Amino acid sequence: MTDDARLASYAAARQLSLTAARAELVTIALDHLDARRRGAAASLRGTTKAERSAKARVAGQARWARARAR
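Here it is in structure tokens:
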């Protein structure tokens, strides 16, 4: 299957124009590359964004629980 055929298939499945499908795929690819870059940088620091977010969420839930208990 050629790239044009794949793009047409993707556009049909998502009910998009070829231009919109191409833009969406480019955005997905750029997001993927950006996530890999961030992941590599985070691994050098020792934590990923997901780990930091999870810690912040747990801390926020604990603050909320303490405030509700008062």
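Offset between the sequence shown (1-based) and our numbering: plus 35. Beta carbons: idealized from backbone N, C-alpha and C, even for Gly. Keep in mind it's a predicted model, so treat the numbers as computed, not measured.
Run through DSSP, which three-state label would residue i get?
| i | result |
| --- | --- |
| Ser88 | helix |
| Arg105 | coil |
| Thr82 | coil |
Suppose the cutoff is 7 Å on Cβ atoms and the five residues either side in sequence are ignored; what does the same chain contact list for residue i look like?
| i | result |
| --- | --- |
| Gly74 | Thr83 |
| Thr54 | none |
Alpha helix (DSSP H) containing residue i: first to last residue?
| i | result |
| --- | --- |
| Ser52 | Counting along the chain, Ser52 falls outside any alpha helix (DSSP H), and DSSP gives it neither H nor E. |
Leaving out the 5 sequence neighbours to the left and right, which residues in its chain are closer than 6 Å to residue i when beta-carbon positions are compared?
| i | result |
| --- | --- |
| Tyr45 | Ala56 |
| Leu51 | none |
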